[in-house]
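In my numbering, the protein residues as written are 12 to 509.
This report refers to the structure that appears directly beneath it.
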Amino acid sequence: MSYLLGIDVSTTATKALLIDEAGAVVAVAANEYPYETPQPLWSEQDPSLWWYGAVQSIRQALAQSGIDPGAIAAIGLTGQMHGLVLLNAQGEVLRPAILWNDQRTGAQCDEIRARLGKANLVRITGNDALTGFTAPKILWVREHEPELFAQATHFVLPKDYLRFRLTGQIATDRAGAAGTLLLDLRTRDWSDEVLAALGIARDFVAPTHEGPQVTGVISQNAAESTGLKPGTPVVAGGGDQAAGAVGVGAVAEGIVSLALGTSGVVFATTNSPFYEPEGRLHAFCHAVPGRWHLMGVMLSAAGSLRWYRDTLAPGVGYDDLIAPTEAIPAGSDGLLFLPYLTGERTPYPDPLARGAFVGLTVRHSQAHLTRAVLEGVAFGLRDSFELMKGVGLSQIRQVRASGGGARSPIWRQILADVLNSELVTVNTTEGAAYGAALLAGVGAGIWPDVDAACAAAIHVTGQTAPDPVAVGRYEPLYAQYRALYPALRSIFEGVADL
């Protein structure tokens, strides 16, 4: 029996997941760590925490499973995207990593648009310049820490720093590279035009690889630290969203992954590169060779329900909170909820956007408010689907739901009705780490390609069909929902500093 190891370097923990060659989970371990906010808008992390977390998690997973490390056929890596790790010629980290949620680079985003033109930037990279991406971070360090930047010979992404520690190789995957704002989406390679415009040398960026490609092997030093066998192959893997999509089998065009966690992510695989001209959707390479994806991000999805529960129904369990909403008709008797509690990304990249209940009357009960929250999140997620249809991705055959919010059958039904699409759940729950392990299996030759890996390991466990009556009720309500943000935008701006 062969085994596969997936390692996920997230913002809060590093997870190690072992599966067997049939896709069954054998062991899982995770070790948490903090990140720092030394100044307003800043978000940083010490990369040594990722390494320490990986060492501990790998050893714990090996101990849980009791397997011979030599039985691990390959290792796949995934993790938080967009973060900047600067290395010198000796491979030493020069400063704390600047993370995906760092917001200091607004001026650098403006500079990138000025140098390349927004339309041209979106045409090449598939994305507008956003503070979360890596390229603005590079420009910020070069401007504000020039002496330190002069020592840097390479930058790597968080999971690729772990790759460097495991194998000694500097490399990245194309899904992660697409999130730097430096990759040409069509060629799946670094854009010479963007690099030249930003003054970034090509030898500063890492060689790119498709997700299942082997990028190196476990070194003797890494083996001594982790308990892994020297020479074990390590594949490129993918950024957390792409690997997470592999982990639920969203690898073919027409299959959409909907991750309903604190934030909400709509991830649609495509066979050719699409992009939204205004940059309201992210367009990246998939971890599946020769495929791409469009992605919409909603900042407060299940996070909206958590805020509502904690604030207006403290001490009530989610099941008890949601159950009474089944008796409330679709549309919550005219009550709408705008879920922009932490600003928004898709379809409005607006940090000043705010949440709102609209249409409250004395007849509305707590169950109405709860259902309005569930429906408002569903409407917000539909915005991403509508944008995707608008750029030509019209054949959506199935939506695969995952994350904490997807555990609620009532919320799944609301989503199916609002989206007018079948919603399914699958047997896998370990997300990106599981997808990374499947990519490792392809790299090791256990499966011939990613499609075969997903077909072997992932199957549908539940189906929710849209109710035609509810679908009809939601159509005019969605139009009313769409009118809320334009009507309230000036008010949001006016109260932003109060």
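Glycine included, C-beta positions come from ideal geometry on N, C-alpha and C.
Remember, it's a predicted structure, so these values are computed and weren't measured experimentally.
The DSSP-derived three-state label of G415 is helix.
Taking 7 Å as the cut-off, the beta carbon of I229 is found closer than this to the beta carbon of L177.
Annotated as proximal: H293 and M306, with beta-carbon spacing under 7 Å. In this structure, the alpha-carbon of L52 lies about 45 Å from that of I457. For E221, the number of other beta carbons within 10 angstroms of its own is at least 16, and it is reported as buried.
Pairing D394 with G290 gives a Cβ-Cβ distance that is not under 7 Å. Listed as beta-bridge partners of K26 by DSSP are D19, A41. The beta-carbon separation of A65 and T22, rounded to 14 Å, does not stay under the 8 Å limit for a contact.
A186 sits away from L194, with the two beta carbons spaced by 7 Å or more.
Nearest C-alpha to Y63 among T219, T237, A182: T237. Its chain contains L196, Y286, A294 as the residues whose beta carbon lies nearer than 6 Å to that of G137, once the 5 sequence neighbours on both sides are disregarded; these appear in chain order. Looking only at T439, I333, S315, the smallest Cα-Cα distance to F390 is reached by S315. If you draw a 10 Å sphere on the C-beta of R199, you find 16 or more other C-beta atoms in it, and that means buried. As for any beta strand (DSSP E) of minimum length 3 sitting wholly inside the segment 64-140, the runs are 83-90, 96-98, ordered along the chain. In this structure, DSSP gives F215 a helical state, which the three-state scheme calls helix. Taking the CA atoms as reference points, V384 sits about 13 Å from V429.
Under the 10 Å beta carbon count, A466 is surrounded by fewer than 16 other beta carbons and is classified as exposed. Annotation: V471 to P358 spans about 30 Å, alpha carbon to alpha carbon. A direct Cα-Cα distance of roughly 27 Å separates T116 from L499.
For G442, the uninterrupted alpha helix (DSSP H) segment begins and ends at 442-454. Y359 carries a coil assignment under DSSP once its states are collapsed to helix, strand and coil. Taking the Cα positions, A233 is about 23 Å away from G94.
Residue pairing by DSSP puts C296 in a beta bridge opposite W303. Looking at the DSSP output, G354 sits in a beta bridge with L352. Note on geometry: alpha-carbon atoms of F278 and T436 lie some 15 Å from one another.
Each of T273, V167, A448, G403 was checked against the Cα of P284, and the nearest Cα belongs to G403. Cβ atoms of V37 and E441 stay farther apart than 8 Å, at about 11 Å.
By the Cβ criterion, the segment 159-179 is in contact with the segment 243-252, since at least three pairs of Cβ atoms, one from each stretch, lie closer than 8 Å.
Contact annotation: V262 and T280 have beta-carbon atoms nearer than 7 Å.
In summary, D321 is exposed, with fewer than 16 beta-carbon neighbours lying within 10 Å of its beta-carbon over all protein chains present. No residue range can be given for F144, since it is assigned to no alpha helix (DSSP H) and is classified by DSSP as neither H nor E. Secondary-structure assignment with DSSP links Y14 through a beta bridge to D31, I83. For W201, the three-state secondary structure derived from DSSP is strand. The way I'd put it, the segment 472-487 doesn't touch the segment 44-61; fewer than three beta-carbon pairs between them come closer than 8 Å.
Residue pairing for E397: DSSP places it in no beta bridge. Per DSSP, P340 lies in no beta strand (DSSP E) segment and is marked neither H nor E.
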